[in-house]
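Everything below concerns the one structure shown next.
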Amino acid sequence: MMSRTLIKDLYKEARIFNIRAIIAALVAVILVSLLWGRLFQLQITEHAHFDTLSNNNRVRLMSTEPNRGLIYDRNGMVLAENRPTFSLDIIPEEVGQLDQTLEELKSLITISDNDIRSFNKTLKRRKPFQSVSLRSNLSEKEVAVLAVNRYRFPGVDFKTKLTRYYPMGSSAVHVLGYVGRIDEDELQNVDASQYNGSSSIGKIGIESYYEKELRGQRGYQKVEVNVQGRVLRVLEETPPIAGKDLILSIDAGLQSTAEYAMGNNSGAMVAIEPETGEVLAMVSMPLYDPNLFVHGISNKAYKILQNTGRRPQFNRALSGQYPPGSIMKPFIGLGGLDASVVGVNEEIFCEGYFMLPNEERRYRDWKRTGHLDTTMKKALAESCDVYFYQLAYLMGIDRISSFLNQFGFGKRMGIDTTSEQSGLLPSREWKQKTKKTIWYPGETLITGIGQGYMLATPLQMAAATATLAMRGQRKQPHLLKSSRDNQTGETVAYQPPELKPVTIKSNRHWSNIIAGMKEVVHGSHGTARALGHSLTYQMAGKTGTAQVYGIAQGEVYDEEGLALKLRDHALFSAFAPIRKPRIAAAIIIENGGSGGHVAAPIAKQVFDHYIHKNYGNHAR
Amino acid sequence: MRADYFESNDTGRLKLFQSLRLDPPLTMALLLLTACGLGILYSAGSQNIDLIFRQLTRLSLAFGVMVLMAQIPPQNFRLWAPWIFLLGIVLLTSVLVFGDVGKGAKRWLDFGVVRFQPSEMMKLAAPMMVAWFLADKPLPPSFKHLAVALILVIMPTMLIAKQPDLGTSLLIAAAGFFVIYFAGLKWRVLAGFAVLVAAMTPLVWHYMHDYQRRRVLTFLNPENDPLGSGYHIIQSKIAIGSGGLYGKGWLNGTQSHLDFLPERSTDFIFAVFAEEFGFIGVIVLLALYVFIVIRGLVIASQAQDSFGRLLAGSLSLTFLVYLFVNVGMVSGLLPVVGVPLPLVSYGGTSMVTLMAGFGMLMSIQSHRRLLRQ
Numbered sequence: 006m007m008s009r010t011l012i013k014d015l016y017k018e019a020r021i022f023n024i025r026a027i028i029a030a031l032v033a034v035i036l037v038s039l040l041w042g043r044l045f046q047l048q049i050t051e052h053a054h055f056d057t058l059s060n061n062n063r064v065r066l067m068s069t070e071p072n073r074g075l076i077y078d079r080n081g082m083v084l085a086e087n088r089p090t091f092s093l094d095i096i097p098e099e100v101g102q103l104d105q106t107l108e109e110l111k112s113l114i115t116i117s118d119n120d121i122r123s124f125n126k127t128l129k130r131r132k133p134f135q136s137v138s139l140r141s142n143l144s145e146k147e148v149a150v151l152a153v154n155r156y157r158f159p160g161v162d163f164k165t166k167l168t169r170y171y172p173m174g175s176s177a178v179h180v181l182g183y184v185g186r187i188d189e190d191e192l193q194n195v196d197a198s199q200y201n202g203s204s205s206i207g208k209i210g211i212e213s214y215y216e217k218e219l220r221g222q223r224g225y226q227k228v229e230v231n232v233q234g235r236v237l238r239v240l241e242e243t244p245p246i247a248g249k250d251l252i253l254s255i256d257a258g259l260q261s262t263a264e265y266a267m268g269n270n271s272g273a274m275v276a277i278e279p280e281t282g283e284v285l286a287m288v289s290m291p292l293y294d295p296n297l298f299v300h301g302i303s304n305k306a307y308k309i310l311q312n313t314g315r316r317p318q319f320n321r322a323l324s325g326q327y328p329p330g331s332i333m334k335p336f337i338g339l340g341g342l343d344a345s346v347v348g349v350n351e352e353i354f355c356e357g358y359f360m361l362p363n364e365e366r367r368y369r370d371w372k373r374t375g376h377l378d379t380t381m382k383k384a385l386a387e388s389c390d391v392y393f394y395q396l397a398y399l400m401g402i403d404r405i406s407s408f409l410n411q412f413g414f415g416k417r418m419g420i421d422t423t424s425e426q427s428g429l430l431p432s433r434e435w436k437q438k439t440k441k442t443i444w445y446p447g448e449t450l451i452t453g454i455g456q457g458y459m460l461a462t463p464l465q466m467a468a469a470t471a472t473l474a475m476r477g478q479r480k481q482p483h484l485l486k487s488s489r490d491n492q493t494g495e496t497v498a499y500q501p502p503e504l505k506p507v508t509i510k511s512n513r514h515w516s517n518i519i520a521g522m523k524e525v526v527h528g529s530h531g532t533a534r535a536l537g538h539s540l541t542y543q544m545a546g547k548t549g550t551a552q553v554y555g556i557a558q559g560e561v562y563d564e565e566g567l568a569l570k571l572r573d574h575a576l577f578s579a580f581a582p583i584r585k586p587r588i589a590a591a592i593i594i595e596n597g598g599s600g601g602h603v604a605a606p607i608a609k610q611v612f613d614h615y616i617h618k619n620y621g622n623h624a625r
Numbered sequence: 032m033r034a035d036y037f038e039s040n041d042t043g044r045l046k047l048f049q050s051l052r053l054d055p056p057l058t059m060a061l062l063l064l065t066a067c068g069l070g071i072l073y074s075a076g077s078q079n080i081d082l083i084f085r086q087l088t089r090l091s092l093a094f095g096v097m098v099l100m101a102q103i104p105p106q107n108f109r110l111w112a113p114w115i116f117l118l119g120i121v122l123l124t125s126v127l128v129f130g131d132v133g134k135g136a137k138r139w140l141d142f143g144v145v146r147f148q149p150s151e152m153m154k155l156a157a158p159m160m161v162a163w164f165l166a167d168k169p170l171p172p173s174f175k176h177l178a179v180a181l182i183l184v185i186m187p188t189m190l191i192a193k194q195p196d197l198g199t200s201l202l203i204a205a206a207g208f209f210v211i212y213f214a215g216l217k218w219r220v221l222a223g224f225a226v227l228v229a230a231m232t233p234l235v236w237h238y239m240h241d242y243q244r245r246r247v248l249t250f251l252n253p254e255n256d257p258l259g260s261g262y263h264i265i266q267s268k269i270a271i272g273s274g275g276l277y278g279k280g281w282l283n284g285t286q287s288h289l290d291f292l293p294e295r296s297t298d299f300i301f302a303v304f305a306e307e308f309g310f311i312g313v314i315v316l317l318a319l320y321v322f323i324v325i326r327g328l329v330i331a332s333q334a335q336d337s338f339g340r341l342l343a344g345s346l347s348l349t350f351l352v353y354l355f356v357n358v359g360m361v362s363g364l365l366p367v368v369g370v371p372l373p374l375v376s377y378g379g380t381s382m383v384t385l386m387a388g389f390g391m392l393m394s395i396q397s398h399r400r401l402l403r404q
């Protein structure tokens, strides 16, 4: 250390420096080569990987919703269509003060707390820069007000989309059903490539049953987006395929006539073309407006719908299971003739009540004084209970059960829509299985007049009546007439499944029963004779008055004194014209009282409308 | 032959360079680089012509400063070195006391009209000071001189690291250290330093700010936080990698033009270049930088005295560090430290400092000849 010179050696310094400069230059080249190497790795070796990532960044697959198929009635009237509606969308990132903007928007258009709540809910789940809908279904006036003030609200925009609209409002609501925003459960069960969280889906009725046909195929767009997700251009496009149009068998005019005729009553009516099984009208009262559901119904409105006591959303025509009452008598009668337990002109004496051998209990006729000597025709025309007690007693429950089974009672008809219930056709086995007790003979008797355990839906009653009209030929009741593919223009008719006909030993019995039903309307003592006078065509019918409330032995039914909901249901089933049946129907008016007085006149209005319109005033 | 450079090429252009005391190869390379820079900036800034004009104004100012510095004889730099350094230290201290807060760090001094970043001045003042100190000492430096030189480096480094501005403090430490290296620091000592630095890493970690630690962690695993702090580096790597061999073409970079790449006009402008010009473009651009660094080293080795030699060598290598740190960061080799791509990134202050440094290099080169004549 001490030997080191402290004198500056300029040449040595320059030499040291030069060596160091060369090393530095080498280091520079090495470091830059290191960068080159790194860039080679990124740009050449891993190029494909990063190229994919880059495309993933900029290319987004966007789906385009297909136009939902329209729904028409049998005469080409539009029942469900799509209308452009405006919604107000917000991109929160582009809005300065969100709270303030919401307040200012509130002063221009109505924004409910509900809107704000669902807005905040979606706000939490969305991706950055995705727009969130604040209000849907803006009125034209609201759109105009917002358009004028738009400059004040960056990040606030309108969006147009086609939404479902039911031009007839509440009419035929139980046929059509409605669409609504898809919910979490539904989303789990549908083809994920066809739906997303904001898709609409058929919730109930035809809209739900034919969802696949109506929906169509989603289209896709490959778009280039920037980091905000804003679409800059379309790279590739697969257009959506619109859903199929459905032509229903429903006659909208008939449908609204029936709805009008039923007025303020609760109840149901199903009208079928017997030859084809096409459902001409299917009414459940009261009605409600399906348009309420399209944009998401408010909690308040939904609660009102659910709790009005009369439950408008309950489809009585298919889900309502009623005791069919005397409406069953033609079928029991036919069964009795077929089983040869009674002859068509054989007289049974009715003294106002029926007693089982070795039993004290009296099974009453509705007519306390009795119908006296009664043939099949008279029994049907006057709805004699004792006659059918006797018939049921002679047939026994097993034969009744298996005979009625042929008409489709006790099981779903398989109509092409939702909410159908099976009704109940009691049998010995059924009772053993569900009630764990034996079948009592008394129960057979009341089954003979359509009371007791027996339950049927209005659809079943109408379809069975149509079968009667067709003398045993059974047609699957259905709502779809044909579907039209909008791409190809091809119309495909609905092919209902073939059903096994009702077979009886002698076809004359059909005529005998129908003659009895004709007597109901046209006979001088028929329970619906009031109708016969003004009919321009011949109608076969059967009235029914089904007990809701059990009347104790010896008690007198006092209609006025009973609470409304305990009053009897009024029923009527009929078809016309008798020689060439065009329409068969069943109607039930809940707590309406007498079938002949309440239900039959309503049926007449409906039949008149249909037959006069389609087959002239003097159809036979 | 070297000496005859100017005399044998008696063209008008060289006379112009000569009269402005500029070094022709270095000047040409700088002009070429800044021109490329404007081209990339045009693309990175979404073809915003105002941005280009503002950058052009800064460039003109920076080139003006370079020409001005080239006129000052290197002896003057040597004379002023201690005073500039002292002023720098005072200003840095006052920044910590009175400074303006910008982006969570105290870096600026506000003089009412001008906002001034004293750390920029220190980028030149620190190597000048160390060179001044070592120039008249016998070299290689003794242990005592080495210690003093180190203190001269560490002082401004610490003051700037305190602001906190990790990038700049590293650059200043490097600039000072390069002077010591060129002065003939023994390899053994150098190795000792390396060990010391490695040993101090945990200590540095302890004193780091949260955001600095996050950057390091993100660097180690950017995919950990793809939408947060890792986002920059992921998007930058995608931009570079998707460029491939030939690039997507000028103005056609999707990562940059669709806004996926953040800070694409400033710190991450290299990714824009790599995306649009590909690996071939990258080779050419980096070669241009290497040329500038080597030309600087040549100037240094031709310098007449120790001061000029040490200063020129340090400035050249510092330029390399700029490049390496920036490209290393953008390509995911190094953690994200706020160092711009020299002479290309949008922004004024560092550009003026860099060009002032090149002005000094040219002064060292050109005044040497005049002295001899």
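Residue numbers (the working numbering), protein chains in the order written: chain H, 6 to 625; chain S, 32 to 404.
Yeah, the Cβ is synthetic: ideal placement off N, Cα and C, and Gly gets one too.
| said: Along the chain, where does the alpha helix (DSSP H) containing residue 288 of chain H start, and where does it finish? | reply: Where residue 288 of chain H is concerned, there is no enclosing alpha helix (DSSP H), although the beta strand (DSSP E) it sits in stretches over 283-290.
Taking 7 Å as the CB-CB limit, is residue 232 of chain H close to chain S? For residue 232 of chain H, the closest Cβ of chain S is nearer than 7 Å.
Item checked: Strand pairing of residue 497 of chain H, partner residues [DSSP] -> Note: residue 497 of chain H sits in a beta bridge opposite H/488.
| Would residue 306 of chain H be called buried (16 or more neighbouring beta carbons within 10 Å of its own) or exposed? | Exposed, since its Cβ has fewer than 16 Cβ neighbours within 10 Å.
Determine which residues share a DSSP beta bridge with residue 355 of chain H and list them. The secondary-structure analysis by DSSP pairs residue 355 of chain H across a beta bridge with H/377.
Mapping the DSSP letters down to three states, classify residue 292 of chain S as helix, strand or coil. Look at residue 292 of chain S here: in three-state DSSP terms it is coil, with no helix or strand label.
Check: Residues of chain C with a CB under 7 Å from the CB of residue 340 of chain S: which are they?
Finding: Although the question refers to chain C, the structure presented lacks it and instead comprises the protein chains H and S.
Quick check for students: name the residue ranges of the beta strand (DSSP E) that lie wholly in the region 215-286 of chain H, counting only runs of 3 or more. Along the region 215-286 of chain H, the beta strand (DSSP E) occurs as fully enclosed runs of 3 or more residues at 224-230, 236-243, 250-253, 272-278, listed in sequence order.
Any idea which residues DSSP pairs residue 360 of chain H with across the strands?
-> Beta-bridge partners of residue 360 of chain H (DSSP): H/367.
**Message:** Would residue 208 of chain H and residue 183 of chain H be called neighbours here (beta carbons separated by less than 7 Å)?
**Reply:** Yes, Cβ-Cβ distance for residue 208 of chain H and residue 183 of chain H is below 7 Å.
Please classify residue 163 of chain S as buried or exposed, where buried requires at least 16 neighbouring CB atoms within 10 angstroms. Counting Cβ neighbours within 10 Å, residue 163 of chain S comes out buried, since at least 16 surround it.
query: Does any C-beta atom of chain H lie closer than 7 Å to the C-beta of residue 355 of chain S?
result: Interface criterion met: the Cβ of residue 355 of chain S is under 7 Å from a Cβ in chain H.
- Within 10 angstroms of its Cβ, does residue 209 of chain S collect 16 or more other Cβ (buried), or is it exposed? Looking at its Cβ environment, which holds 16 or more other Cβ atoms inside 10 Å, residue 209 of chain S is buried.
Worksheet item: Is the CB of residue 98 of chain H under 7 Å away from at least one CB in chain S?
Response: Chain S contact via Cβ: absent.
task = Between the Cα of residue 394 of chain H and those of H/51, H/362, H/57, spot the shortest distance and give me the residue it belongs to.
result = A check of alpha carbon separations from residue 394 of chain H across H/51, H/362, H/57 identifies H/362 as the nearest.
Quiz item: How would you write the range of the alpha helix (DSSP H) that residue 88 of chain S sits in, first residue to last?
Solution: Here the alpha helix (DSSP H) through residue 88 of chain S covers 80-102.
Nearest by alpha-carbon distance to residue 414 of chain H: which of H/323, H/36, H/40 is it? Relative to the Cα of residue 414 of chain H, the nearest Cα in the group H/323, H/36, H/40 belongs to H/323.
Quick check on the DSSP output: the alpha helix (DSSP H) that includes residue 195 of chain H runs from which residue to which?
If you look at residue 195 of chain H, you'll find it isn't in any alpha helix (DSSP H); DSSP assigns it neither H nor E.
### Task
Please confirm whether residue 86 of chain S and residue 353 of chain S have their CB atoms less than 7 Å apart.
Cβ distance not < 7 Å, so residue 86 of chain S and residue 353 of chain S don't count as in contact.
Open item on the list: Please identify, using Cβ separations under 7 Å, the residues of the region 281-296 of chain S that lie next to chain H, in order along the chain.
Closed with: Of all residues in the region 281-296 of chain S, 285, 286, 289, 290, 291 have a Cβ within less than 7 Å of some Cβ in chain H.
What residues in the region 24-40 of chain H have a beta carbon less than 7 Å from any beta carbon of chain S? Within the region 24-40 of chain H, the residues whose Cβ lies closer than 7 Å to some Cβ of chain S are 25, 26, 29, 30, 33, 34, 36, 37, 40, listed in chain order.
| Interfacial residues, the region 39-59 of chain H to chain S, with Cβ spacing under 8 Å | So the list reads 39, 40, 41, 43, 44, 45, 47, 48, 49, 51, 52, 54, 55, 56, 58, 59, given in the order they occur along the chain.
So, do the region 98-116 of chain S and the region 63-79 of chain S have three or more beta carbon pairs nearer to each other than 8 Å? At 8 Å Cβ cutoff, the stretches do not touch.
Worksheet item: Taking C-alpha atoms, which residue in H/302, H/335, H/140, H/69 lies nearest to residue 518 of chain H?
Response: Sorting H/302, H/335, H/140, H/69 by C-alpha distance to the C-alpha of residue 518 of chain H places H/335 at the top.
Problem - Of the listed residues H/487, H/410, H/425, nearest to residue 417 of chain H (C-alpha basis) - result: Among H/487, H/410, H/425, the Cα nearest to that of residue 417 of chain H is on H/425.
Practice problem: Return the CA-CA distance between residue 217 of chain S and residue 179 of chain S, expressed in angstroms with no decimal places. | Solution: Looking at the two C-alpha atoms, the distance is approximately 16 Å.
Between residue 421 of chain H and residue 578 of chain H, what straight-line distance do the alpha-carbon atoms span, to the nearest angstrom? Residue 421 of chain H and residue 578 of chain H have their C-alpha atoms spaced approximately 22 Å apart.
*Where does residue 120 of chain H fall in DSSP's three states?*
Residue state, collapsed to three classes: helix.
*Are there 16 or more other CB atoms within 10 angstroms of the CB of residue 214 of chain S, so buried, or fewer, so exposed?*
Around the C-beta of residue 214 of chain S, 16 or more other C-beta atoms lie within 10 Å, and the residue is accordingly described as buried.
Using a threshold of 7 Å, state whether the C-beta atoms of residue 190 of chain S and residue 123 of chain S are closer than that.
In contact: residue 190 of chain S and residue 123 of chain S (Cβ atoms closer than 7 Å).
Worksheet item: Among residues of its own chain, excluding the 5 on either side of residue 252 of chain H, which ones have a beta-carbon nearer than 6 Å to its beta-carbon?
Response: Same-chain partners within the cutoff: 77, 486, 487.
- Item | Ranges of the beta strand (DSSP E) found wholly within the region 147-178 of chain H, counting only runs of at least 3 | The region 147-178 of chain H contains these whole beta strand (DSSP E) runs: 161-170.
* Let me know if residue 309 of chain H comes out buried or exposed under the rule of 16 or more other beta-carbons within 10 Å of its beta-carbon. => When all chains shown are included, residue 309 of chain H counts as exposed.
| query | Relative to the C-alpha of residue 595 of chain H, which residue among H/473, H/463, H/475 is closest? | reply | The residue with the shortest Cα to Cα distance from residue 595 of chain H is H/463.
- Residue-level contact to chain H via CB, residue 108 of chain S, 7 Å cutoff: With a threshold of 7 Å between beta carbons, residue 108 of chain S makes no contact with chain H.
Check: Where are the beta strand (DSSP E) runs, 3 residues long or more, that stay fully inside the region 31-106 of chain H, in chain order?
Finding: Listed in chain order, the complete beta strand (DSSP E) runs (minimum 3 residues) inside the region 31-106 of chain H are 64-69, 83-95.
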